[in-house]
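A.B. asks: All residue numbers for the sequence shown refer to our numbering, where the first residue is 361 and numbers rise by one. Got a structure for you, written out below as structure tokens; questions coming shortly.
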Amino acid sequence: MGKGNIKDFRVIDSSDLERTIFYITDNQLEDIRDLEHGQPFPLLDIFENEKELCIQFEVPGVRTEDMDIAIQGDELTLKIFKKDEIMEQEEVSFLRMERKFGGFKRTVRLPVPCDTGSARAVCSKGVLHISFNKVADKRGIVKKINIK
């Protein structure tokens with residue numbers, strides 16, 4: 361019995377594969393859901409360095425008391441209510457209205473393992489900056505278990 365034509369055999373952990381497929385499709389679906397109503401709002405950037413994961417949202421004209429940030433599992437949700445005092449005036453008639461007002465919600469999955477208890481948020485010049493301490497990803501580590 362020979363080895364046949366199998367030159368390289370790798371075991372694929374089905375839970376890792378499932379998690380990867382879910383992550384890719386969920387993020388793509390999030391973008392599609394956002395685009396149903398035009399450009400996603402609020403716009404965001406996600407970046408990292410060696411120690412931190414950072415998420416920045418553009419929130420021009422939104423007061424901090426009109427923002428709500430929550431984290432559940434590995435999902436961060438930002439809810440904001442942006443109101444315009446001009447709209448509340450009865451004698452005003454808009455000739456053109458391009459700015460967005462009302463309630464908005466944006467949920468993003470944290471792309472790397474983080475200590476969610478370390479979350480810090482600062483809002484300055486219309487940008488909300490949220491950062492987390494990163495933690496080691498232990499999902500791919502093999503640990504030997506001794507048999508007694």
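The beta carbon of each residue, even a glycine, is placed where N, CA and C say it ideally should be.
(1) Output the distance between the C-alpha atoms of L438 and C483, rounded to the nearest integer angstrom.
(2) Taking the straight line between their C-alpha atoms, what separation do you get for F454 and M427?
(3) Residues in its own chain within less than 6 Å of F441 by CB, not counting five upstream and five downstream?
(4) What separation, rounded to the nearest whole angstrom, lies between the Cα atoms of V472 and N506?
(5) Suppose only complete runs of 3+ residues qualify. What are the beta strand (DSSP E) ranges in the stretch 430 to 463, listed by chain order?
(6) Are Q416 and L488 closer than 8 Å when you measure CB to CB?
(7) Helix, strand or coil: which one does DSSP assign to E412?
(8) Among the candidates G477, F461, L436, whose CA atom is the shortest distance from the CA of E448?
(9) Could you check what DSSP says for D497 in three-state terms: helix, strand or coil?
(10) Using the Cα positions of M457 and E435, report the straight-line distance between them to the nearest angstrom.
(11) Which residues bound the beta strand (DSSP E) around G421?
(12) Give the DSSP-derived three-state secondary structure of L488 in the structure shown.
(13) Starting from the Cα of N493, find the closest Cα among E408, L403, E412, D405 and give me that residue.
C.D. replies: Quick look at the numbers:
(1) 13 Å
(2) 26 Å
(3) D426, G463
(4) A straight line joining the alpha-carbon of V472 with that of N506 spans about 30 Å.
(5) 435 to 442, all fully within the stretch 430 to 463.
(6) The beta carbons of Q416 and L488 sit closer together than 8 Å.
(7) Note: E412 maps to strand in three-state DSSP.
(8) F461
(9) Coil.
(10) 33 Å
(11) It is not in any beta strand (DSSP E) - G421 carries neither H nor E in the DSSP assignment.
(12) The answer is strand: DSSP assigns L488 an E or B state.
(13) E412
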